[in-house]
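Take a look at the structure below.
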Amino acid sequence: MLRFETAIGECALEWSDDGLTHAYLPRSFPLDERPRTGGAATSGSPPATAVSPPAFVLAAADGIAALFAGEPRDLREVPLDLTGVEAFAAAVYAATRAVGPGEVCTYGDLARAVGSPGAAQAVGRALGSNPFPIVVPCHRVLSSTGALHGFSAPGGIVTKRRMLEIERAPGFTQQSLFA
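Heads up, the sequence shown is in the numbering used here, so the first residue is 455 and it goes up one at a time.
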């Protein structure tokens, strides 16, 4: 696990040789994890050998930190290890990653994109269990009315709104007074 500081707190990444296996936002990773480097970690047990994070992990950490510092960044090139992710969720994550910085879509848009019109709630459930928040930019997905719903990351809707403001998404180009 690689832990790193951002403007909103400590984040962390886990990975395998194939890509990220988990991205943790502040306050979303187990408290008993000790700071360390290495591949995908198991809770409470250090990796057999500590290794430097690969370039894609360092790039992901830099990109996430830059986003939280107010720079719009695109993390589509960060590889993901989707081992154990069901096919529908993997398709939803791929469709979500196609939504670029400063763009938004709806859960229904994603359902249609993955060939399952009418499955907006299933899309919401898949994004609710997204192991790669920010890298799979679920913050760019809005309800059919354009409302901010369904952001389970720490900070909830306030964090979602701030990410959209940073990316200058339509309708989110001014910071809210009360966020």
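For each residue, glycine too, the CB sits at the ideal point set by N, CA and C. Note that the coordinates shown come from a computational prediction; the quantities given were computed from them, not determined experimentally.
In this structure, Leu512 is the residue among Ala545, Gly463, Leu512 with its C-alpha nearest to the C-alpha of Met455. Remark: fewer than three beta-carbon pairs, one from each stretch, lie closer than 8 Å, so the region 559-577 and the region 520-538 are not flagged as touching.
Cβ atoms of Leu474 and Val532 come within 8 Å of each other, at about 6 Å. A straight line joining the alpha-carbon of Asp471 with that of Arg527 spans about 24 Å. In the DSSP assignment, Leu564 falls within the alpha helix (DSSP H) that extends over 561-567. With fewer than 16 neighbouring CB atoms inside 10 Å of its own CB, Glu459 falls in the exposed class. The alpha-carbon of Val590 is positioned some 9 Å away from that of Val546. Assigned with DSSP and collapsed to three states, His603 falls in coil, not helix or strand. In this structure, the straight-line span from the alpha carbon of Trp469 to that of Asp516 is close to 15 Å.
For Arg594, the secondary structure class from DSSP, reduced to helix, strand or coil, is helix. Spanning the alpha carbons of His593 and Leu618 requires a straight line of approximately 7 Å. Looking at the backbone, the Cα of Arg551 and that of Arg481 are separated by about 24 Å. Within the region 508-542, the runs of alpha helix (DSSP H) at least 4 residues long that lie entirely inside it are, in chain order, 509-522.
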